[in-house]
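One structure below.
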Amino acid sequence: MKNHVKAGSLVALCLLCSCAQTAQGKLRQAVYDTASAYHLLASPMPDVMAGRVPGVSLSAGQKALARKASQSVLDELSALEQSIQAGNTLAETAVAALQADFAAFSTCWSGLTGGSTPAACTMATTAGTTTNTTTVTTTTQADADMSVSTNGKE
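Reading the sequence shown from the start, the letters are residues -23 to -1, 1 to 131 in mature numbering (1 follows the signal peptide of the UniProt record, and there is no 0).
And the structure:
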C-alpha cells in the first residue's frame, strides 16, 4: 500500500509538471507539485513519530534522520515559494536540488516506515550539512538582481 501511494504521488507529480507552457511556468509548477507530493507523503509523520501507527516503530536515531531529511525539503520549498511570491525568476538548478532532496526524503521515509534505514536517509542529512548554501541569482520582473538561498545541492 505504501509503495502505491509513493508511486501515485510521483506519477501525479510528473503529470502535473506538463501543464505549464513557459519555462518559468514549468519550474513554478514543479515547485508546487513537489510541495503537494511532499505534504502528501509527510502527512503521517506526526503520528508515526508519536508511535500512534500500529506496526511502525522508529528509534530515536531514525526519527532524527527523518526530521533532518524532511527539514531539508521544507527549507528548499520555503525559499523557492518565497521567490515565486516575490515574482523572481527560478533557476533550474534550485528546482532540481529541491526535487533531488524530495526523492531522497521519499526513499528515506518509505524505508523507515517499512522497517529499514535506507542509505538515502544518511545521504539526505549529510548533504545538508556538508554542502555549502547554494546561492541562486534570480531576477525580479523589474530586472533587479537578488540572491535566494536554497540550502540545496548544486
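Even glycine gets a Cβ: it sits at the ideal position worked out from N, Cα and C.
Predicted model only: the values in this text are computed from it and were never measured.
Let's test the definition: count the other Cβ atoms within 10 Å of the Cβ of residue i and tell me whether it reaches 16, buried, or not, exposed.
| i | result |
| --- | --- |
| S60 | buried |
| D10 | buried |
| S49 | buried |
| R29 | exposed |
| T66 | buried |
| S47 | buried |
So residue i is in the alpha helix (DSSP H); what residue range does that whole segment cover?
| i | result |
| --- | --- |
| V33 | Segment: none, V33 is in no alpha helix (DSSP H) and carries neither H nor E. |
| A80 | E69 to T90 |
Just the C-alpha distance for residue i and residue j, rounded to the nearest angstrom, thanks.
| i | j | result |
| --- | --- | --- |
| E58 | Y15 | 14 angstroms |
| L91 | A27 | Reading off the sequence, residue 91 comes out as Gly, not Leu. The alpha-carbon atoms of G91 and A27 are separated by roughly 16 angstroms. |
| A80 | P31 | 25 angstroms |
| F82 | E69 | 20 angstroms |
| L54 | M22 | 18 angstroms |
| S87 | A(-1) | 31 angstroms |
| A56 | V33 | 32 angstroms |
| L17 | A63 | 26 angstroms |
| G2 | A73 | 15 angstroms |
Exercise. Which full runs of the alpha helix (DSSP H) of 4+ residues lie inside the stretch 2 to 51, going along the chain?
Worked result: Listed in chain order, the complete alpha helix (DSSP H) runs (minimum 4 residues) inside the stretch 2 to 51 are 22 to 26.
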